[in-house]
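Novice: One structure follows; several queries about it will come next.
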Amino acid sequence: MTLNEVEKIRTDQGFYENLPPEGVSVVNWFVVMGLGQVVVLELPASKLSAVNLAIERTAWKAFTTEMYATYNLYPIIEHKLKNKSKVTLDAKPSSEKEDDKLLLTVVLKHDQSMTLSEIETIRTDQGFYENLPPEGTSVVNWFVVMGLGQVVVLELPASKLSAVNLAIERTAWKAFTTEIYPTYNLYPIIENKLKNKSKVEF
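According to this note's numbering, the stretch in the sequence shown is residues 25 to 226, in order.
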């Protein structure tokens, strides 16, 4: 399908009017290039079925979907990080910024043949927390996605791309398998289409 066909399906099915449902807030809504859209929602447990129904009724046919329980890992590991730089994305689309920085989504998939203690030992021994994120880069968010691993979104100038890659290769490999995707913040672009514009920051 073309992007226009996907957009027509979303519009016809009421995607923007129904996601997120009332009582649910957007944490982040990104396009992860090579993967698709990643939406992180904050919701009470009582709204889980409403989110599921909204996705089933309005997103299917336009997208294949996966849902994971997620929690914010950053406050738990912040004390371990050498570079504690954290940013909050503003509402201006990146295409309108003069000092444009790149967003990068790093997926750190757990190796389930090891225990969490074994993974933690490898990360510590390899200097994971001292080297990720590298100087000159900032964490946008750092989540545990249950059943998948950790998802880290970094903001960085293009000149730091190799530093991020090397930090991951030198300190995350063996503990995790990794996937890295260029990303941009879709929320400011689609916010005016959403019926429920509720958004929270972590």
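Each residue gets a CB set at the ideal place from its N, CA and C atoms; glycine is no exception. Note that the coordinates shown come from a computational prediction; the quantities given were computed from them, not determined experimentally.
Helix, strand or coil for K110? Go by DSSP, reduced to three states.
Specialist: As a position in the sequence shown, residue 110 is number 86, starting the count at 1. If DSSP states are grouped into helix, strand and coil, K110 belongs with the strands.
Novice: Output the distance between the C-alpha atoms of V177 and M91, rounded to the nearest integer angstrom.
Specialist: Position 153 of the sequence shown, counting from 1, holds the residue named residue 177. Position 67 of the sequence shown, counting from 1, holds the residue named residue 91. The straight-line gap from Cα to Cα measures roughly 18 Å.
Novice: Which value, in whole angstroms, describes the spacing of the CA atoms of E41 and R147?
Specialist: Within the sequence shown, residue 41 is the residue found at index 17, counting from 1. Within the sequence shown, residue 147 is the residue found at index 123, counting from 1. Taking the straight line from one Cα to the other gives about 43 Å.
Novice: Pull the bridge partners of T129 from the DSSP assignment, please.
Specialist: Here residue 129 refers to the residue found at position 105 of the sequence shown. T129 is bridged to V177, Y205.
Novice: Can you tell me whether V188 is helix, strand or coil according to DSSP?
Specialist: Within the sequence shown, residue 188 is the residue found at index 164, counting from 1. Here V188 sits in helix by DSSP.
Novice: Hey, quick one: how far does the beta strand (DSSP E) through E66 stretch, first residue to last?
Specialist: Counting from 1 along the sequence shown, the entry for residue 66 is found at position 42. Where E66 is concerned, the enclosing beta strand (DSSP E) stretches over 60-66.
Novice: Pull up the CB-CB distance for T82 and F54, whole angstroms please, since I reckon it's below 8 Å.
Specialist: Numbered from its first residue, the sequence shown carries residue 82 at position 58. Numbered from its first residue, the sequence shown carries residue 54 at position 30. Going by Cβ atoms, the distance from T82 to F54 rounds to 19 Å, so no, they are not a contact pair.
Novice: Can you give the Cα-Cα distance for T88 and T35, rounded to whole angstroms?
Specialist: Within the sequence shown, residue 88 is the residue found at index 64, counting from 1. Within the sequence shown, residue 35 is the residue found at index 11, counting from 1. The straight-line gap from Cα to Cα measures roughly 16 Å.
Novice: If you drop the 5 nearest sequence neighbours on each side, which residues of the same chain put their C-beta closer than 7 Å to that of M57?
Specialist: Against the sequence shown, residue 57 aligns to sequence position 33. So the list reads Y205, P206, T207, once near-sequence residues are dropped.
Novice: Quick check: the stretch 207-216 against the stretch 135-150, are there 3 or more CB pairs under 8 Å?
Specialist: No: fewer than three Cβ pairs fall under 8 Å.
Novice: When the Cα of F200 is compared with those of E154, L67, L218, K133, which residue comes out closest?
Specialist: As a working note, residue 200 is residue 176 in the sequence shown. The candidate whose alpha carbon is nearest that of F200 is K133.
Novice: Report the option in N52, P157, P99, N107 whose CA atom is closest to the CA atom of R194.
Specialist: As a working mapping, residue 194 is identified with position 170 in the sequence shown. The shortest C-alpha separation from R194 is found at P157.
Novice: Whether or not the stretch 162-173 and the stretch 95-107 are in contact is what I'm after, with contact meaning three or more pairs of Cβ atoms, one per stretch, closer than 8 Å; do they touch?
Specialist: Judged by Cβ distances under 8 Å, the stretch 95-107 makes contact with the stretch 162-173, as three or more pairs qualify.
Novice: Taking S141 as part of the beta strand (DSSP E), name the residues at either end of that continuous run.
Specialist: For the purposes of this step, residue 141 is taken as residue 117 along the sequence shown, with counting starting at 1. Looking at the DSSP string, S141 is not in any beta strand (DSSP E); the run it does join, the alpha helix (DSSP H), is 140-149.
Novice: Starting from F152 and walking both ways along the alpha helix (DSSP H), at which residues does that stretch end?
Specialist: Position 128 of the sequence shown, counting from 1, holds the residue named residue 152. Looking at the DSSP string, the run of the alpha helix (DSSP H) that includes F152 is 152-155.
Novice: With respect to 8 Å, is the separation between the Cβ of Y40 and the closest non-hydrogen atom of the ligand MG below this value?
Specialist: The ligand MG is not part of this structure, which contains no ligands at all.
Novice: Is the distance from the Cβ of L126 to the Cβ of N52 below 9 Å?
Specialist: Within the sequence shown, numbered from 1, the residue matching residue 126 stands at position 102. Within the sequence shown, numbered from 1, the residue matching residue 52 stands at position 28. No; because the gap between Cβ atoms is not below 9 Å, this pair is not in contact.
Novice: Which same chain residues end up closer than 7 Å to K71 when comparing Cβ atoms and leaving out the 5 residues on each side of it in sequence?
Specialist: As a first step, residue 71 must be located in the sequence shown, where it is residue number 47. Cβ neighbours of K71 beyond the five flanking positions: P45, G47, V48.
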